[in-house]
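Beneath this line is the structure, given in C-alpha cells, with notes to follow.
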Ligand code: PRT
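Written as C-alpha cells, this is what we have:
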C-alpha cells in the first residue's frame, strides 16, 4: 500500500527525542498537540502532512533503510557502528559526543599498543574492532549494553570504549580518556525510496542547515 503522508522516525524517549522534534518543528512540521506521545508510537503532525514514528534509537536506520520511514534523526555513532543503506543529508548542531577508549586513572595503558592482550568493555563492538584492526592490536572485547563505565572497577575489563560527552561519568568512575575513535553528532538521514512529498521536506532540511551555518 502506498503511504499518502511522509513518515519521520524519531527516538521514542531519550536524549535526541525533544531536540529532534524541535528541529522538525523549526522547519515547519510540528507534532499535533492532540496526541499522548508518551504512549503513541505513531503521531500526526499538526498540519496533517506527515506522521512521526517513535522508535528505539538504534532501530532508526533500519526503519529508514527499508523505506518504512522517509527521514529520521539519528546519532552518527549508530551509523558508524552498523552498515545501513541510508543517505546522510545534514549534520545537526546537537547530540554531540565522541566514542572514546578510557582507562582507570592509575592504569599503565597510555598508547594503543598497550591495549594488546587487555580486556575492553563496550557497547560499540564493531567500531572498536575496526579501531583495533587499524592499530594492529589484539584485545578481548566484552560486550555489554549499558553502564560500561563500571566494568574496570568490577575487574571485568582493563579499559572501556563508550560515548563521552561532558566527561563527568568517566570522572565519577575514576576513568580518563586515552583515545578518541571518532566524534559524533545528530544527523538527518533519508531513505533510498521515492515519495512524492520528499523533495519539499529535503529542501527545508537543507535550507535550515545552510541558514544555521550562515551560508
Ligand atoms: O533508549 P534508546 O534505545 O532509544 O537509545 P539509547 O539508550 O542509545 O539512547 P540515549 O538517549 O542514551 O542516546 C541516544 C544518542 O544520544 C546516542 O546514541 C548518541 O548519539 C547521543 N549522545 C550524546 C549520547 C551522549 N551524548 C552520552 N553522553 N549518548 C549517550 N551518552 C552516555 C554515554 O553512553 C555515557 O554513559 O552518557 C554517558 C556519558 O556522558 P558524560 O556527559 O558524563 O560524558
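In our numbering, the protein residues as written are 632 to 846. Glycine included, C-beta positions come from ideal geometry on N, C-alpha and C.
Closer than 7 Å: is that where the CB of residue 799 sits relative to any heavy atom of the ligand PRT?
Stepping through the chain shown from its first residue, residue 799 is reached at position 168. Answer for residue 799: yes, Cβ within range of the ligand PRT.
Top-ranked residue by Cα proximity to residue 800, from 731, 824, 721, 740:
Numbered from 1 along the chain shown, position 169 holds the residue referred to as residue 800. Comparing Cα-Cα distances from residue 800 to each of 731, 824, 721, 740, the minimum goes to 731.
Rounding to the nearest angstrom, what Cα-Cα distance links residue 797 and residue 737 in this structure?
Residue mapping note: residue 797 aligns to position 166 of the chain shown, counting from 1. Residue mapping note: residue 737 aligns to position 106 of the chain shown, counting from 1. Approximately 21 Å between the Cα atoms of the pair.
Looking only at DSSP bridge pairs, what is residue 704 linked to?
If you number the chain shown from 1, residue 704 lands on position 73. Its beta-bridge partners are 819.
Helix, strand or coil: how does DSSP classify residue 800 here?
Counting from 1 along the chain shown, the entry for residue 800 is found at position 169. Helix at residue 800.
Excluding sequence positions up to five away, which residues of its chain have a Cβ less than 6 Å from the Cβ of residue 723?
Position 92 of the chain shown, counting from 1, holds the residue named residue 723. Contacts found: 817.
What does the alpha-carbon distance come out to for the pair residue 693 and residue 715?
Taking the first residue of the chain shown as position 1, residue 693 is located at position 62. Taking the first residue of the chain shown as position 1, residue 715 is located at position 84. Distance between residue 693 and residue 715, taken at the CA atoms: about 7 Å.
Terminal residues of the continuous alpha helix (DSSP H) containing residue 696?
Taking the first residue of the chain shown as 1, we reach residue 696 at position 65. Counted as a single uninterrupted DSSP element, the alpha helix (DSSP H) harbouring residue 696 occupies residues 691-696.
Taking the DSSP output, what are the residues bridged to residue 677?
Mapped onto the chain shown, residue 677 falls at position 46. Paired residue(s): none; residue 677 is not in a bridge.
When the Cα of residue 687 is compared with those of 824, 769, 642, 828, which residue comes out closest?
Indexing the chain shown from 1 puts residue 687 at position 56. Here the closest residue by C-alpha is 642.
Coil, strand or helix - residue 725 by DSSP
By one-based count along the chain shown, residue 725 stands at place 94. Correct three-state label for residue 725: coil.
The segment 777-795 touching the segment 753-760, judged by at least three CB pairs closer than 8 Å:
The answer is yes - the segment 753-760 touches the segment 777-795, with three or more Cβ pairs under 8 Å.
Spatial neighbours of residue 696 in its chain, beta-carbon cut-off 8 Å, leaving aside the 5 residues before and after
For this step, residue 696 is matched to residue 65 along the chain shown. Hits under 8 Å: 715, 716, 717, 822, 823.
Could you tell me whether the Cβ atoms of residue 806 and residue 743 are closer together than 8 Å?
The residue you call residue 806 lines up with position 175 of the chain shown. The residue you call residue 743 lines up with position 112 of the chain shown. It is not a contact, given that the beta carbons lie outside the stated cut-off.
Simplified DSSP state of residue 735, which is helix, strand or coil
As a first step, residue 735 must be located in the chain shown, where it is residue number 104. Strand at residue 735.
Quick one: is the Cβ of residue 789 within less than 7 Å of any heavy atom of the ligand PRT?
Translated into the one-based positions of the chain shown, residue 789 becomes position 158. No - the ligand PRT has no heavy atom lying nearer than 7 Å to the Cβ of residue 789.
Cross-strand partners of residue 814 (DSSP beta bridge):
For the purposes of this step, residue 814 is taken as residue 183 along the chain shown, with counting starting at 1. Under DSSP, the beta-bridge partners assigned to residue 814 are 729.
Going by DSSP, name the residue or residues bridged to residue 618.
An answer regarding residue 618 cannot be provided, because it is not within the stretch 632 to 846 covered by the chain.
Could you give the DSSP three-state label for residue 834: helix, strand or coil?
Along the chain shown, one-based indexing puts residue 834 at 203. Here residue 834 sits in helix by DSSP.
Residue 836: which of 635, 633, 639, 706 sits nearest, CA to CA?
Here the question's residue 836 lines up with position 205 in the chain shown. If we check each option's Cα against that of residue 836, 639 comes out closest.
Any idea what DSSP makes of residue 773, helix, strand or coil?
To locate residue 773, count along the chain shown from 1; it is residue 142. Residue 773 falls in the strand class under three-state DSSP.
Cβ-heavy atom distance between residue 792 and the ligand PRT below 7 Å?
Here the question's residue 792 lines up with position 161 in the chain shown. Outside the cutoff, so no.
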